[in-house]
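K.L.:
What follows is a structure written as structure tokens; I'll ask about it next.
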Amino acid sequence: MPPEPLRAQIARSNVALSLATAEADMPLIMVNRGFQRLTGFEQAAVLGRNCRFLQDDTTPVHQIAAMSAFLKDASRDDGRFPVLNRRHDGSGFLNLVFLSKLRDQQGRIRFVIASQFDITTARQAAALAGNDEVLIGTLDTMRQTIGHFGLTMTDSAGLIARSITTLARFAVRDE
Ligand SMILES: Cc1cc2nc3c(=O)[nH]c(=O)nc-3n(C[C@H](O)[C@H](O)[C@H](O)COP(=O)(O)O)c2cc1C
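Sequence positions in the sequence shown follow my numbering and run 1 to 175.
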């Protein structure tokens with residue numbers, strides 16, 4: 001189970017966050033209010049499930065493959081991936097998923113933290129900078145917190161800052 005201060009921090013953060021264990025098929029062990037608001041799924045409905053339940057048969061396979069390759073690649077610690085998802089109410093959205101691995105002192109992956117953001121429209125994508133400022137702050141505090149429990153997480157500030165400039169590559173729809 002994750003350290004309680006980490007859970008508290010995830011619960012408190014104003015950005016969408018989800019946490020999975022690295023065991024088995026990476027089941028979710030916690031999602032916060034931001035995640036529930038974004039996806040329409042209550043925490044009780046998603047615990048124990050792999051987060052791929054947000055995908056469906058319209059999700060491009062290359063988008064899924066990019067996340068799968070990242071999670072399998074021991075040399076990579078963080079990444080950000082656009083993926084077509086579906087909310088509880090059936091509406092589709094382009095989800096920009098940030099993923100980062102939490103490792104123990106032996107370098108083994110223990111947890112994966114994720115942050116989701118809706119970039120479906122240009123207007124929504126324009127709010128990414130504000131989201132990312134909060135996300136970077138949240139991750140900084142989180143890194144300190146987990147350090148007390150012998151867990152490490154890479155500094156993703158650079159990767160997150162770069163997503164603004166690469167956003168143009170993604171299929172953002174004008175409204
Ligand atoms: C903590 C966590 C959160 C994730 N969040 C999402 C998400 O919001 N949307 C999504 O499509 N995939 C998400 N994923 C990725 C999928 O769970 C899965 O890893 C991906 O589909 C690749 O693996 P697969 O090919 O076995 O499905 C998340 C993964 C983890 C570990």
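Just so you know, even glycine gets a beta-carbon here, dropped at the ideal spot from N, CA and C.
#1: Does Pro5 come out as helix, strand or coil in the three-state DSSP assignment?
#2: So, using beta-carbon positions, are Leu128 and Ser115 closer together than 8 Å?
#3: Are the Cβ atoms of Pro82 and Ile119 separated by less than 8 Å?
#4: Assuming Leu19 contacts Pro2 under a Cβ cut-off of 8 Å, what Cβ separation, rounded to an integer in Å, is found between them?
#5: Is there contact between the region 147-165 and the region 70-87, where contact requires at least three CB pairs shorter than 8 Å?
#6: Using only the alpha-carbon positions, how far apart do Glu23 and Val97 sit?
#7: Taking the runs of the beta strand (DSSP E) that are 3 residues or longer, which of them lie wholly in the region 96-158?
#8: Once the 5 residues before and after Asp104 are set aside, which same chain residues still bring their CB inside 7 Å of it?
#9: Between Asn14 and Gly34, is the Cβ-Cβ spacing less than 8 Å?
P.N.:
Taking the structure as given:
#1: On the sequence shown, position 5 is the one that residue 5 refers to. Helix at Pro5.
#2: Counted from its first residue, the sequence shown places residue 128 at position 128. Counted from its first residue, the sequence shown places residue 115 at position 115. No, they are not a contact pair.
#3: Locating residue 82 in the sequence shown gives position 82, counting from the first residue. Locating residue 119 in the sequence shown gives position 119, counting from the first residue. Yes. Within cutoff.
#4: Counting from one through the sequence shown, the residue named residue 19 turns up at place 19. Counting from one through the sequence shown, the residue named residue 2 turns up at place 2. Indeed, because the Cβ distance is near 6 Å, the residues count as touching under 8 Å.
#5: yes
#6: Locating residue 23 in the sequence shown gives position 23, where the first residue counts as 1. Locating residue 97 in the sequence shown gives position 97, where the first residue counts as 1. Approximately 20 Å, taken between the alpha carbons.
#7: 109-118
#8: Position 104 of the sequence shown, counted from the first residue, corresponds to residue 104. Arg110, Gly150 and Leu151, listed in sequence order.
#9: Locating residue 14 in the sequence shown gives position 14, counting from the first residue. Locating residue 34 in the sequence shown gives position 34, counting from the first residue. Yes, the Cβ-Cβ distance between Asn14 and Gly34 is below 8 Å.
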